[in-house]
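Chains as they are written, first to last, in the numbering used here: chain A, 51 to 292; chain B, 51 to 292.
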């Protein structure tokens, strides 16, 4: 029996109880991990998470495409913000994208010590579930949150993963946070649009008039991508990749 | 309008967003904050939280009564563990009790920087709600959790506080964690006994055969005590105090 654990904030990752043979699944529904999926859907070869903007500028100077957001807004010098719907309209075939966000890339950095990292969002829920089930590993879902605080939408996505993995494989829910995430998801799933409106980051993006993204980020299974850490960045392990 | 914020773990307290004019309400349902209430119900004058066992021994040598628990078990040299039902059977009239637990006293230490600290559990839900409503301050509920991880029963109690305060005064829920706590509570409250059985610390105490405590800790409003920090420890500000 494999264990399924949820960390509700990057600041809680060091207190995880699962210590062996695990994959960390980073979730940042609004919008980093949804945007990672979009980049692969638009043909990107690799997405490289970058924490600081100085480092991102170095990538830009080396000719990489860059995406960056701070507090929900695109960073001026970057080619893209972290709008998944905008990324979906681009042709990124064969490109490598260096990517820096407020919360998502920080969560990835925390998970780096582990080595096995995958990326999940509502967009690739089914695709990542199938891939995870095949890995025979314990799972820690790491919610990116908002500046280390609890985020409702990431927790709902962790709960959706708990549900879909439970249906497809042999996982034991191994912590109270996973029970809570699953409970919140099961209550929300039939009316997700209404429930997520109570989330603070939903309201923050609504104020920034990111309507298309808000709709896209809560649509299930629009993407087949399976972003997995390859030692240098994330590449897409989806079987249906062209 | 006053704000109502929930910190789901002591490790998240430093990331709170409320920074002015607030009271921290520490919750450790199983069993520290329920036991604090019990100590006052048995007549204690003051409960002094102590983090380390060496410090607790110093209190003992000075003639204080001592209570201490580690990993759910009573510490040998202490007079009491942290069983509220055992404390309820004692006569602590006029006594000061030095108290050290795995999680509860650590949460209190985190809150110390603030100065305004109160203690809540299901046991004193109504009493603490009435007192909090009169304080005209913002509220941060700090869930003690289990070794810095999320705890289901503390989160449910935070949700219960959200509900009862909302009914009695003008509070705005100001973070996603508070929304989640309230949601989980509203789903659980009509069948609390069944829902809390999924909590890991409930199972831990069940294995230690603490049946009476488990029943007591989830009983609402058995206590009128209002434990509030007085600069040296907690004393009971309940109006009905003899």
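Here a beta-carbon is modelled for each residue, glycine too, at the ideal position from N, C-alpha and C. Quantities reported herein were computed from a predicted structural model and do not represent experimental measurements.
Counting of Cβ neighbours within 10 angstroms places residue 269 (chain A) among the exposed residues, the total staying below 16. In the DSSP annotation of this structure, the continuous segment of the beta strand (DSSP E) that includes residue 76 (chain B) starts and ends at 72-77. Counting only runs of 3+ residues, the beta strand (DSSP E) found wholly inside the segment 124-165 of chain B occupies 146-150, in chain order. Note on residue 203 (chain A): 16 or more other CB atoms within 10 angstroms of its CB, so buried under the neighbour-count rule. Beta-bridge annotation (DSSP): residue 191 (chain A) is paired with A:56, A:75. Minimum Cα-Cα distance from residue 211 (chain A) among the listed residues A:57, A:110, A:176 corresponds to A:176. Contact note: residue 226 (chain B) reaches chain A through 200, 201, 202, 249, 250, using a C-beta cutoff of 7 Å and chain order. If you check the CB distance, residue 146 (chain A) and residue 283 (chain A) come in under 8 Å. Secondary structure of residue 94 (chain A) (DSSP, three-state): coil. Listed in chain order, the non-local C-beta contacts of residue 234 (chain B) below 7 Å within the same chain comprise 205, 206, 209, local neighbours out to five positions each way being set aside. According to the DSSP assignment, residue 248 (chain A) belongs to no alpha helix (DSSP H), since it is labelled neither H nor E. Residue 196 (chain A) is bridged by DSSP to A:199. Interface criterion met: the Cβ of residue 205 (chain A) is under 8 Å from a Cβ in chain B. Residue pairing by DSSP places residue 119 (chain B) opposite B:124 in a beta bridge.
For residue 199 (chain A), the closest of B:67, B:52, B:90, B:53 by C-alpha to C-alpha distance is B:67.
Between the segment 91-103 of chain B and the segment 152-165 of chain B there are three or more C-beta pairs closer than 8 Å, enough to call the two in contact. Within chain A, no residue has its beta carbon less than 8 Å from that of residue 148 (chain B); the closest one is some 27 Å off.
Chain-order list of chain A residues neighbouring residue 61 (chain B): 61, 62, 65, by C-beta distance under 7 Å. Three or more beta-carbon pairs separated by less than 8 Å link the segment 129-140 of chain B to the segment 65-84 of chain B, which places the two stretches in contact.
For residue 278 (chain A), the enclosing beta strand (DSSP E) begins and ends at 277-279. Just so you know, the alpha carbons of residue 266 (chain A) and residue 148 (chain B) end up roughly 55 Å apart.
Among the bridge pairs identified by DSSP, residue 109 (chain A) is matched with none.
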